[in-house]
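Chains as they are written, first to last, in the numbering used here: chain Z, -6 to 398; chain W, 107 to 484.
Backbone N, C-alpha and C fix where the C-beta goes; we use that ideal spot for every residue, glycine too.
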């Protein structure tokens, strides 16, 4: 134990020294500009240099193996790195720049990919140079994903892809796509699906952003019209895409469990915002007692969620595990985040329905957009109800529900 | 579960086996049917003493094992599962904690070994009305010679009938509602002027109202400092809350397991009812709530063991979340079992009755939500 702690301390000193030398001071406090969920962020100047240094060191994907561009760190070391970065105001822009690459595609390639696929695809993700999107949902295959119809036809040395995907995050700015396609239509629907990877820079791929209720367009429709996926880019076995795809979704869920659903660490505590808008009584209590109770409840739920994240991590004893527990955490993170948005809106009153204009503060407008976009949380990545199906079947061992599929 | 040490794991397994063999719900039913006023079987209590459970919080120098609150919580979760009736909470958790928090060396030497060997049963007498309101203490303690004279009434004292030594919160200054001016006293339960009235509740647990009619104690009966008892009282109550929350978690977890088992075996419309999505989702939501509550309970116990700064917040969180889950789970236990759950012959009703009784102990959800808000500055 003591030896392990010493090693960790040594690593901490190493990380601190490296950050001191390499993280440009000009970027302190500017994480927000580079950590946005959507949009094609231009990376230049110091930010570009930082991305390159981080990528070269492998610390944008700290736990990936070194031979594929990762940092080769243990989970504990990665956590130390994160702490040290936070301490100096540094941030890791690579997961955002790689789209779905770091959080989902990469871990799945590490698990199912051939040596050749790992060599070709992982380093670009690890450097934050290649952005990935995912072709999963289709207009008629949402929660019932296994009904997907996008077809891949065997053309000898490549697959020819035809069909339409929807809700492809960042498809319009992505370089590569991991897609679930039908490679056998004569078998049960889950048994004829394969996972292929294809470049988005080809004539047979077309994307169209979808404008959401929040005003943003983080998702696209993606059309495959005789698009081409190389045979060497089949991930996992032929017709085993359901297994590979489900595994990837576990990684997705794990990334949506919300390390900090109560909002960024530096954000104003919600209770302070509430006091600012609503006022307090003589004893310093929030003047609206009904809101006060619900706010206390929310803070408790947020705390319970955070404690559960730590507990599950502690039980795994440092091993990175992606388990069915992710479904619990995803639902819990979703309800905490959505409740937080609803409470924030309520706290702001009339000011909480602004769309734009000088009469509303930036924070108020952002609250509305966050609230609206937050409704997607219980839909994407397997809806709230789908997660409950997973919990009841895979954790509790209840029989398959009587619905078909 | 939290990542347990080998010792804790062994203790948990031992507790699980012992409780299900020696003190299962069937034994609880027997005690209830027998009408024993204390609401627990002497041999059950003796068994716990033999296993060393009464010494879990007590340092070795006083005859205990000093294993701490998470370990105590592990045991209480198991007794909670089977509704095992005993003074474990009142004496080995709350009484021992009060002594550890506020006792002089002499008091600790005199009483802790007796807590461990079971020859003394301690309990905390704090509330005076239908609601938990520790700062509202009105029971008066006036100077009388070199000691004090206590006058007033305590309500719903846990194991108040079986207790041999009462830790009494009394007012020596100020007025009800003020935290200053409260003093804790150690009062033998058989002291002259103490009248105990056993309470018959829907749950079977040894609650009593206790009247103090000019009860005289010496100056050495003061636990902690005169007028400054609040800090000890609050620290004791917080540890009591986390411990009772662990018991509640166990009660709710067993109710969950009973329900899950029923979902897998009860057949209607030609299939087990757990195959209906409405019930599968309800089970999934209850399970999620249970996992979240568990994190809060274990987090609070760990926070106490680590002597962390956030003990008060964590204990209110634990009591509130365990309470909310047990409330919901006890209702669903009955609902999902349907008619059979309504019968006295089936155990479900015991869990429902226990759920409401423990909710009120050491502050219910509303109390702790309010406290949590205050601790967060709003």
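Between the CA atoms of residue j and residue i - distance to the nearest angstrom
i                     : j                     : result
residue 217 (chain W) : residue 199 (chain W) : 14 Å
residue 204 (chain Z) : residue 328 (chain Z) : 24 Å
residue 543 (chain W) : residue 386 (chain W) : An answer regarding residue 543 (chain W) cannot be provided, because it is not within the stretch 107 to 484 covered by chain W.
residue 318 (chain Z) : residue 181 (chain W) : 25 Å
residue 267 (chain Z) : residue 254 (chain W) : 48 Å
residue 436 (chain W) : residue 446 (chain W) : 14 Å
residue 232 (chain W) : residue 243 (chain W) : 7 Å
residue 112 (chain W) : residue 456 (chain W) : 33 Å
residue 238 (chain W) : residue 347 (chain W) : 12 Å
residue 338 (chain W) : residue 203 (chain W) : 9 Å
residue 398 (chain Z) : residue 136 (chain Z) : Confidence at residue 398 (chain Z) is low in this model, with a pLDDT of 42, below 50, so the placement of that residue should be treated as unreliable; the coordinate-derived value is given next. Looking at the two C-alpha atoms, the distance is approximately 10 Å.
residue 262 (chain Z) : residue 340 (chain Z) : 13 Å
residue 7 (chain Z)   : residue 62 (chain Z)  : 19 Å
residue 91 (chain Z)  : residue 362 (chain Z) : 24 Å
residue 301 (chain W) : residue 303 (chain Z) : 49 Å
residue 73 (chain Z)  : residue 363 (chain W) : 39 Å
residue 157 (chain Z) : residue 217 (chain Z) : 6 Å
residue 273 (chain Z) : residue 484 (chain W) : 8 Å
residue 378 (chain W) : residue 244 (chain Z) : 32 Å
residue 93 (chain Z)  : residue 127 (chain Z) : 7 Å
residue 253 (chain Z) : residue 299 (chain Z) : With a pLDDT of 42 at residue 253 (chain Z), under the threshold of 50, the modelled position of that residue is not reliable, and the figure given next carries that caveat. If you take the alpha carbons of residue 253 (chain Z) and residue 299 (chain Z), they lie about 7 Å apart.
residue 141 (chain Z) : residue 171 (chain Z) : 14 Å
residue 323 (chain W) : residue 278 (chain W) : 14 Å
residue 413 (chain W) : residue 293 (chain W) : 29 Å
residue 255 (chain Z) : residue 167 (chain Z) : With a pLDDT of only 39 at residue 255 (chain Z), under 50, the local geometry of the prediction cannot be trusted, and the value read off the model is given with reservation. Approximately 30 Å, taken between the alpha carbons.
According to DSSP, residues forming a beta bridge with residue i
i                     : result
residue 157 (chain Z) : Z:216
residue 377 (chain Z) : Its beta-bridge partners do not exist; DSSP assigns none.
residue 202 (chain Z) : Z:213
residue 171 (chain Z) : Z:127 and Z:190
residue 254 (chain W) : W:249 and W:323
residue 92 (chain Z)  : Z:125
residue 11 (chain Z)  : None; residue 11 (chain Z) has no bridge partner.
residue 162 (chain Z) : Z:212
Partners in chain A for residue i, counting only beta-carbon separations shorter than 7 Å
i                     : result
residue 385 (chain Z) : No chain A is part of this structure, whose protein chains are labelled Z and W.
Per-residue burial, residue i [other beta carbons within 10 Å of its own, 16 or more giving buried]
i                     : result
residue 169 (chain Z) : buried
residue 471 (chain W) : buried
residue 321 (chain Z) : buried
residue 499 (chain W) : Since the first and last residues shown for chain W are 107 and 484, residue 499 (chain W) lies out of range.
residue 395 (chain W) : buried
residue 479 (chain W) : buried
residue 260 (chain W) : buried
residue 238 (chain Z) : buried
residue 375 (chain W) : exposed
residue 352 (chain Z) : exposed
residue 180 (chain Z) : exposed
residue 162 (chain Z) : buried
Chain Z contact residues for residue i, given Cβ-Cβ distances below 8 Å
i                     : result
residue 468 (chain W) : Those within 8 Å of residue 468 (chain W) in chain Z number zero; the least Cβ separation is about 17 Å.
residue 427 (chain W) : 293 and 297
residue 423 (chain W) : 293, 296 and 297
residue 475 (chain W) : 286, 289, 290 and 293
Under 7 Å from the C-beta of residue i: neighbouring residues of chain W
i                     : result
residue 392 (chain Z) : 378, 380 and 381
residue 433 (chain Z) : Not covered by the structure: residue 433 (chain Z). The range shown for chain Z is -6 to 398.
residue 267 (chain Z) : 484
residue 246 (chain Z) : By Cβ distance, chain W contributes nothing, its closest Cβ being about 13 Å from residue 246 (chain Z), past 7 Å.
residue 325 (chain Z) : 394 and 398
Contact set between residue i and chain Z, taken where Cβ atoms lie within less than 9 Å
i                     : result
residue 479 (chain W) : 264, 278, 279, 285, 286, 288, 289 and 292
residue 393 (chain W) : 321, 384, 385, 388 and 389
residue 86 (chain W)  : As shown, chain W starts at 107 and ends at 484. That puts residue 86 (chain W) outside it, with no answer to give.
Contact set between residue i and chain W, taken where Cβ atoms lie within less than 9 Å
i                     : result
residue 1 (chain Z)   : Correct list: empty, because the minimum Cβ distance to chain W is about 18 Å.
residue 340 (chain Z) : Going along chain W, no residue has its Cβ under 9 Å from residue 340 (chain Z), so there is no contact; the nearest lies around 11 Å.
residue 378 (chain Z) : 383 and 387
residue 304 (chain Z) : 107, 108, 109, 397, 400, 401, 404 and 405
Neighbouring residues, chain W, relative to residue i (Cβ below 8 Å)
i                     : result
residue 369 (chain Z) : Within chain W, no residue comes near residue 369 (chain Z); the closest Cβ sits about 20 Å away, beyond 8 Å.
Within chain Z, partners of residue i - CB distance below 7 Å
i                     : result
residue 369 (chain W) : 391
residue 347 (chain W) : The contacting residues do not exist; residue 347 (chain W) stays about 14 Å from chain Z at best.
Which ranges does the beta strand (DSSP E) cover as unbroken runs of at least 3 residues, wholly within the stretch 273 to 341 of chain W, from first to last along the chain? Listed in chain order, they are 288 to 294, 300 to 304 and 314 to 323.
Run through the stretch 342 to 370 of chain Z for me and flag every whole alpha helix (DSSP H) of 4 or more residues, listed as ranges in chain order. DSSP runs (the alpha helix (DSSP H)) wholly in the stretch 342 to 370 of chain Z: 355 to 367.
At what residue ranges does the stretch 190 to 243 of chain W contain a whole run of the beta strand (DSSP E), taking only runs of 3 or more? The qualifying runs are 228 to 231.
Give, in chain order, every unbroken run of the alpha helix (DSSP H) that is at least 4 residues long and sits entirely within the stretch 350 to 437 of chain W. Correct list: 383 to 411.
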